[in-house]
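Let me begin by presenting the structure, written as structure tokens, before commenting on it.
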Amino acid sequence: MSSLRRPSRPKKGGLVFSSTAQKKRRSASPISVPTKRIHISSEPDVTASLPTSTSTTKPKIATRILIISDTHGVSALPNPISQSQDQKIDIVLHCGDLSECGTLEEYKNTIELLESIPAPLRLVIPGNHDLTLDRNFWKSNCTEEGKNLHDEAQAIWTNDTAKEAGIELLDEGSHEFVLENGAKFRIYASPFTRNSEGVREWAFGYESAEDRFNPKGESISYGRPAGTERSVLQVDNEVDVVMTHGPTKYRLDLSANSDSLGCPHLFRAIRRTRPKLHVFGHVHKAYGAEIVRWNEGKEMPEDDDVDDGTKEHRRIEGFVKDGLRNIGAVRGEKGTETLFLNAALMGRDGKLDNAPWLVDIELEPA
């Protein structure tokens, strides 16, 4: 694990801005999109294999994932995580809001936090607070004095220190990795979050009517298709995990004022593709986990309600041990259920009050 020297704290205000009806049914029609394949290791960990398959197929591999979000520049977890063989972590996922307002020091603090978690691979996306990582936002809002901050922020997440720590800042789209335990891990990632009315400093935002997650012709009746080849979540990619910063509508998205802050277009995309796991953050008050079991049919209504396409849903509490909230194994058959998990750690007074989540899933061998 590499060490990271923390710079002196910048002066306050170090970031520089300029001021300035009845439902019709239709079937999904997915299109293809390329994935990125990165080999982490070619040596499989045979001790992690779980013999759940038949004699004609290779056994699936038990894989442990630690999920966090919304650490907002804090440099350490309240409870340090120690390495133990019975609780070995294969992947860490950080669902965004790496900082409070996109300062370089905050990003370095977050890398320090990530390095403290014993795991060979740490996958990260930005959130709406990570202003300097959104090139378009920063180009439109920074002054001459701050014009280089985007490149400097990007460099922090792609330099040798980050690479040596197994840290990958993911672009929007589908990615594929070969893990140290020999499993093939497929993940869709997106930092984009629906805009909040009246909030100007908002990275990776989109208007509530924009649908960037579904193919053209598969949007909600009032949705405006705005997807790209990378942003559309595809059925035929068969991703294991979807990681976004913001939640879907209806699932762990209620604010302290009971406002639903999630995206209906993202809910439609998750229901259409049915991954094993959808992890996110953004809404601190909605921290929690919920299993949704889907109906057998895959017809898509023209509108979306909370129970559309769902057979049942229930909250999952898990249990806390050594500062981690452990759910255990997610064993549902692919396409039948999805575990929704809000991993926002930030609580009151700038403290990480919520525990990181620990989840086990079974993956195909590489």
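Per this note's numbering, the very first residue in the sequence shown carries number 189; after that it's consecutive. Glycine included, each C-beta is placed from N, C-alpha and C at the ideal position.
Alpha-carbon spacing of residue i relative to residue j, whole angstroms
i    : j    : result
E333 : M431 : 34 Å
N267 : R374 : 29 Å
L449 : V471 : 8 Å
V152 : A543 : Absent from the structure is residue 152, since the part of the chain shown begins at 189 and ends at 554.
K351 : K522 : 32 Å
G434 : L442 : 12 Å
K539 : I256 : 14 Å
T524 : E484 : 7 Å
S407 : S270 : 45 Å
H466 : K335 : 35 Å
D548 : G516 : 6 Å
A474 : S362 : 26 Å
R382 : V427 : 23 Å
A531 : E487 : 30 Å
D278 : P379 : 22 Å
V429 : Y376 : 6 Å
R459 : N347 : 37 Å
G506 : F528 : 13 Å
S396 : W326 : 21 Å
F468 : T331 : 32 Å
I313 : L533 : 15 Å
L337 : T320 : 6 Å
S272 : G393 : 40 Å
E360 : D510 : 33 Å
W345 : E389 : 21 Å
A477 : R439 : 9 Å
D424 : C283 : 23 Å
T526 : K464 : 5 Å
L357 : A414 : 23 Å
Cβ-based burial, residue i [other Cβ within 10 Å; buried from 16]
i    : result
T245 : exposed
Q422 : buried
R462 : buried
A264 : exposed
R513 : buried
V480 : buried
D537 : exposed
N324 : exposed
S419 : buried
K499 : exposed
E417 : exposed
E368 : buried
V518 : buried
K404 : exposed
D322 : buried
G386 : exposed
C-beta neighbour in chain C for residue i, strict 8 Å
i    : result
R388 : Among the protein chains of the structure shown there is no chain C, as only one such chain exists.
Own chain partners of residue i with C-beta closer than 8 Å, once the 5 adjacent residues on each side are dropped
i    : result
G328 : The sequence shown places Ser at residue 328, rather than the Gly named in the question. Closer than 8 Å at Cβ, skipping near neighbours: no residue.
I304 : As written in the sequence, residue 304 is Ser, which differs from the Ile given in the question. Hits under 8 Å: A264, L265, P268, I269.
A307 : L254, I277, D278, I279, V280, G354
S446 : none
A444 : K473
Other residues of its chain near residue i: CB distance less than 6 Å, five sequence neighbours each side excluded
i    : result
R310 : V280, L302, G354, I355
D318 : L286, S287, G290, A391
D541 : G535
L546 : L254, L512, N514
R503 : E478
Close beta carbons around residue i, own chain, < 7 Å, minus the five adjacent residues each side
i    : result
K437 : S448, G450, C451, P452, F455
E340 : L292
Y410 : A397
G497 : R459, W482, N483
R412 : A397, E398, D399
Contact test: residue i Cβ vs the ligand SAM heavy atom, cutoff 7 Å
i    : result
G370 : Here there are no bound small molecules, and the ligand SAM is not part of this structure.
May I ask you to verify whether the region 382–401 touches the region 448–456, counting CB pairs closer than 8 Å and requiring at least 3? yes
Using a Cβ distance threshold of 8 Å, determine whether the region 253–263 contacts the region 288–306, with at least three qualifying pairs required. yes
Unbroken beta strand (DSSP E) runs of length 3 or more, entirely within the region 357–433: which are they? 361–366, 372–378, 429–432
Curious, which full-length beta strand (DSSP E) runs of at least 3 residues does the region 269–350 contain? 279–282, 309–312
Can you check the region 444–494 for any alpha helix (DSSP H) of at least 4 residues that lies completely inside it and give the ranges in chain order? Along the length of the region 444–494, whole alpha helix (DSSP H) runs at least 4 residues long occupy 452–461, reported in chain order.
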